[in-house]
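> Residue numbering for the sequence shown follows full-length UniProt numbering, beginning at 1 and increasing consecutively.
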Amino acid sequence: MDKETLKLGDVKILKESNDFNYCFSYKTSYEDTQFKTVIIDKIGKTRNTANNISVKKVYREKIPICEKKKKGLLDLIRKNTVPRFYKLFFENL
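(1) Using a Cβ-Cβ cutoff of less than 7 Å, which residues in the same chain neighbour residue 87 once the five nearest sequence positions on both sides are dropped?
(2) Going by DSSP, what residues sit across from residue 13 in a beta bridge?
(3) Which one of 63, 61, 38 has the shortest CA to CA distance from residue 5?
(4) If you follow the beta strand (DSSP E) that residue 36 is part of, which residue opens it and which one closes it?
(5) How big is the Cα-Cα spacing for residue 8 and residue 34?
(6) In whole angstroms, give me the CA-to-CA distance for residue 90 and residue 66.
(7) Relative to the C-alpha of residue 92, which residue among 69, 81, 79 is closest?
(8) Between 36, 84, 57, 29, which has its C-alpha nearest residue 3's C-alpha?
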(Lines of atoms letter the chains of each structure in order from A and count residues from 1; the text may use other names and numbers.)
(Lines give C-alpha, C1' and ligand atoms only; values in the text may rest on other atoms or scores of the structure.)
Protein backbone atom coordinates (compact mmCIF):
# COMPACT_ATOMS: atom_id res chain seq x y z
CA MET A 1 0.00 0.00 0.00
CA ASP A 2 1.52 3.31 -1.09
CA LYS A 3 1.47 6.16 1.39
CA GLU A 4 1.76 9.64 -0.03
CA THR A 5 0.92 13.08 1.25
CA LEU A 6 -2.29 14.58 -0.09
CA LYS A 7 -2.63 18.34 -0.21
CA LEU A 8 -6.32 19.25 -0.18
CA GLY A 9 -5.54 22.31 -2.29
CA ASP A 10 -4.51 19.97 -5.12
CA VAL A 11 -7.82 18.06 -5.10
CA LYS A 12 -10.08 18.90 -8.06
CA ILE A 13 -12.78 16.25 -7.60
CA LEU A 14 -13.75 14.65 -4.28
CA LYS A 15 -16.08 11.65 -4.03
CA GLU A 16 -17.48 10.22 -0.81
CA SER A 17 -17.51 6.47 -0.43
CA ASN A 18 -20.53 4.88 1.20
CA ASP A 19 -18.77 1.54 1.40
CA PHE A 20 -16.51 2.51 4.30
CA ASN A 21 -16.92 5.03 7.13
CA TYR A 22 -13.48 6.58 6.84
CA CYS A 23 -12.73 6.47 3.14
CA PHE A 24 -12.95 8.89 0.21
CA SER A 25 -11.76 9.09 -3.38
CA TYR A 26 -10.24 12.02 -5.24
CA LYS A 27 -8.73 13.27 -8.48
CA THR A 28 -6.03 15.93 -8.69
CA SER A 29 -6.73 16.60 -12.36
CA TYR A 30 -9.86 16.70 -14.48
CA GLU A 31 -7.97 14.63 -17.04
CA ASP A 32 -7.40 11.70 -14.64
CA THR A 33 -9.44 8.66 -15.64
CA GLN A 34 -9.43 6.88 -12.28
CA PHE A 35 -10.00 8.06 -8.72
CA LYS A 36 -7.33 7.57 -6.08
CA THR A 37 -8.69 6.27 -2.77
CA VAL A 38 -7.77 7.35 0.73
CA ILE A 39 -8.51 5.10 3.67
CA ILE A 40 -8.11 6.84 7.00
CA ASP A 41 -6.73 4.12 9.23
CA LYS A 42 -5.61 6.06 12.29
CA ILE A 43 -8.51 7.73 14.02
CA GLY A 44 -7.77 9.54 17.25
CA LYS A 45 -9.41 8.64 20.52
CA THR A 46 -11.19 11.97 20.66
CA ARG A 47 -13.05 11.56 17.34
CA ASN A 48 -16.80 11.66 17.91
CA THR A 49 -19.04 9.34 15.97
CA ALA A 50 -22.64 10.09 15.10
CA ASN A 51 -23.76 7.95 18.05
CA ASN A 52 -22.21 9.95 20.88
CA ILE A 53 -22.56 13.62 19.94
CA SER A 54 -24.43 15.80 22.39
CA VAL A 55 -25.20 19.47 21.83
CA LYS A 56 -25.68 21.78 24.78
CA LYS A 57 -27.76 24.94 24.54
CA VAL A 58 -25.68 28.04 25.08
CA TYR A 59 -28.55 30.50 25.54
CA ARG A 60 -31.91 30.07 27.23
CA GLU A 61 -33.69 32.50 24.92
CA LYS A 62 -33.16 34.29 21.63
CA ILE A 63 -30.68 37.14 21.68
CA PRO A 64 -32.39 40.17 20.16
CA ILE A 65 -30.68 42.36 17.58
CA CYS A 66 -30.56 46.12 18.04
CA GLU A 67 -33.39 48.20 16.59
CA LYS A 68 -31.04 50.06 14.23
CA LYS A 69 -29.91 46.81 12.61
CA LYS A 70 -33.48 45.50 12.41
CA LYS A 71 -34.62 48.77 10.78
CA GLY A 72 -31.75 48.50 8.27
CA LEU A 73 -32.71 44.93 7.35
CA LEU A 74 -36.36 45.86 6.88
CA ASP A 75 -35.24 48.82 4.79
CA LEU A 76 -33.44 46.39 2.45
CA ILE A 77 -36.75 44.59 1.93
CA ARG A 78 -38.54 47.88 1.27
CA LYS A 79 -35.92 48.73 -1.40
CA ASN A 80 -36.29 45.23 -2.94
CA THR A 81 -32.61 44.45 -2.29
CA VAL A 82 -33.75 41.44 -0.26
CA PRO A 83 -36.78 39.42 -1.49
CA ARG A 84 -40.07 40.10 0.31
CA PHE A 85 -40.16 36.41 1.17
CA TYR A 86 -37.84 37.16 4.11
CA LYS A 87 -39.95 40.01 5.54
CA LEU A 88 -41.63 37.89 8.22
CA PHE A 89 -38.29 36.44 9.28
CA PHE A 90 -36.71 39.90 9.67
CA GLU A 91 -39.75 41.25 11.52
CA ASN A 92 -39.45 38.47 14.10
CA LEU A 93 -35.78 39.08 14.89
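For every residue, glycine included, the Cβ atom is placed at its ideal position computed from N, Cα and C.
So, from the data block:
(1) 77
(2) 27
(3) 38
(4) 36-39
(5) Straight-line Cα distance between these residues: approximately 18 Å.
(6) 12 Å
(7) The residue with the shortest Cα to Cα distance from residue 92 is 69.
(8) When each option's Cα is compared against that of residue 3, the closest is 36.
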